[in-house]
Amino acid sequence: MNIAIIRYSPEQMFAVVAAVDLYEDFLPWCQRSKIIRRNSDGSFDAELEIGFKFLVESYVSHVELQKPKYIKVHHVWSYSLGLHNWRIIIRSFKRVCTQ
């Protein structure tokens with residue numbers, strides 16, 4: 001498991017990661033990002049197209065959210081088998097000083 005500590009609030013991180021339909025505006029190599037289905041429980045299916053020059057890959061993921069605690073991304077479909085499921089847990093840490 002990889003862990004990263006980032007100096008942004010849980011709300012800021014959640015807003016960026018959950019904005020799947022805007023990925024094409026700010027993520028390198030994301031050529032298209034579209035929410036293709038929204039579910040009544042707040043989850044959704046998203047299609048992303050990632051590409052660089054002549055290499056382009058499209059895939060669909062099912063995204064579950066619990067604001068601002070976590071985002072779960074389950075791989076649904078793609079042409080390649082190299083994709084994995086992701087779970088992003090967003091936590092708030094307080095700075096602690098000890099003597």
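When the letters of the sequence shown are read in order and numbered with full-length UniProt numbering, they come out as residues 1 to 99. Note that beta-carbon positions come from the ideal geometry of N, C-alpha and C, so glycine has one too. Keep in mind that this is a model prediction, so the values were computed, not measured.
If you reduce the DSSP assignment to three classes, tell me which class residue i lands in.
| i | result |
| --- | --- |
| Tyr23 | helix |
| Ala46 | strand |
| Phe54 | coil |
Buried or exposed for residue i, going by 16 or more other Cβ atoms inside 10 Å?
| i | result |
| --- | --- |
| Leu48 | buried |
| residue 100 | The shown model of the chain, from 1 to 99, leaves out residue 100, and the question about it has no answer. |
| Ile5 | exposed |
| Ser40 | exposed |
From residue i to residue j, what distance separates their C-alpha atoms?
| i | j | result |
| --- | --- | --- |
| Gln31 | Phe52 | 9 Å |
| Val76 | Trp29 | 20 Å |
| Ser58 | Leu27 | 15 Å |
Keeping to the same chain, check which residues put their C-beta closer than 6 Å to that of residue i; ignore five residues upstream and five downstream.
| i | result |
| --- | --- |
| Cys97 | Note that Cys97 has pLDDT 41, beneath the 50 cutoff, so the model's placement of it is unreliable and no number is given. |
| Ile36 | Asp45 and Glu47 |
| Arg38 | Phe44 |
Only counting the same chain, and skipping five residues up and downstream in sequence, which positions put a Cβ closer than 7 Å to that of residue i?
| i | result |
| --- | --- |
| Val20 | Ser33, Ile35, Ala46 and Val63 |
| Ala18 | Leu65 and Ile71 |
Please confirm if the stretch 12-22 is in contact with the stretch 61-68, defined as three or more CB-CB distances below 8 Å between the two stretches.
The stretch 12-22 vs the stretch 61-68: in contact.
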